Amino acid sequence: MSSYRLTFLLMALVCGAVSYFASENLYITIIVGSVLLLYPQIFLVKKLEKSQQSFSRYHECFHFVNTFIVSLDIRGSLSGAFSSINTTMNKSYLAVYEGIASNKSEDKISYLQKYYPFHFYGLFIKVVSLWQEQGGDILTMSAHLLEEGRKSEEHLRYCHDLYITRTVEFIVLWIFAFIILVVMRISLNQLFLHIINKAVYQIGLGLFFLFFLISVDVLVRKITKKEIKGWDEYE
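Mapped onto the numbering used here, the consecutive letters of the sequence shown carry residue numbers 244 to 478.
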């Protein structure tokens, strides 16, 4: 089970416990717990996992392009560059490469665009093709491409740090909200006993948890949104 699924499972259990403490109604608890468990597992986990995979793949793509160009400058051939870079790549890449190892180097580069489906990699292919046709200094020819890649890498790191900050702020805010609800339930016990079975209170409590779920959904959509120059939709 992924860390995202475990996190949302824990969230559902905590919310279920709080809802039961605040309502003493098993039906409300089951509804709240079920919705907060199923919705994230069905809709949010895949979005987070896909986003994480795409960000990781973009990092890998930049590493591949940067290392390949340096190796190409040193070895002077596409096959030599592949021989050098394959010792630095991860298992996921090597599994793909094994399927095209017997292909021509030009075909390998073109095929890998399926593995790196980014505009940045498409520009890399054009630079390599131009180098094959006209020759020249590959480092000079790819200087602008590498600079754009570096800027995207820096932006990715900035986004990652920003997302962590937003997530921590979100968690702290809602922890305080749940603490306030629990404290009010304890300190105003007589009042709660008087209104706990009233429909208005139960509906209000349900709306509270609905708003929490909507907030989680909005947060996930924000932190998985891609705002990188030259980023094609990763599907």
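Just so it is clear, CB atoms sit at the ideal spot from N, CA and C, and this is done for glycine as well. Computed from a prediction, not measured in an experiment: that's the story for all the values here.
Checklist entry - What number of angstroms, rounded off, separates the C-alpha of Lys351 from the C-alpha of Tyr340? => result 8 angstroms
Next on the checklist: Quick check on DSSP: helix, strand or coil for Asp350?
Outcome noted: helix
Checklist entry - In three-state DSSP terms, what is Gln356? => result coil
Item to check | Residue environment, Phe419, which counts as buried when at least 16 other CB atoms sit within 10 Å | outcome: exposed
Next on the checklist: For the segment 376–387 against the segment 402–414, do three or more pairs of beta-carbon atoms, one drawn from each stretch, fall closer than 8 angstroms, so that the two count as touching?
Outcome noted: no
Checklist entry - DSSP on Gly447, reduced to helix/strand/coil? => result helix
Checklist entry - If you drop the 5 nearest sequence neighbours on each side, which residues of the same chain put their C-beta closer than 7 angstroms to that of Val371? => result The residues are Ile352.
Next on the checklist: On a Cα-Cα basis, can you pick out the residue from Phe307, Phe363 and Lys289 that is closest to Glu391?
Outcome noted: Phe363
Checklist entry - Would you report the Cα separation of Asn346 and Ile407, rounded to the nearest angstrom? => result The straight-line gap from Cα to Cα measures roughly 42 angstroms.
Item to check | Selected residue, minimal CA-CA separation from Asn333, among Ser314, Gly323 and Glu303 | outcome: Glu303
Checklist entry - Does the Cβ of Tyr270 have 16 or more other Cβ atoms within 10 Å, making it buried, or fewer, making it exposed? => result exposed
Next on the checklist: Rounding to the nearest angstrom, what Cα-Cα distance links Glu292 and Val257 in this structure?
Outcome noted: 23 angstroms
Item to check | Those runs of the alpha helix (DSSP H) which lie wholly inside the segment 362–420 and span at least 4 residues | outcome: 362–377 and 381–384
Checklist entry - Would you say Leu287 and Phe311 are within 8 angstroms of each other, going by their C-beta atoms? => result no
Checklist entry - What are the start and end residues of each continuous alpha helix (DSSP H) run of 4 or more residues lying completely inside the segment 297–341, in chain order? => result Here the runs fully enclosed are 321–328 and 334–341.
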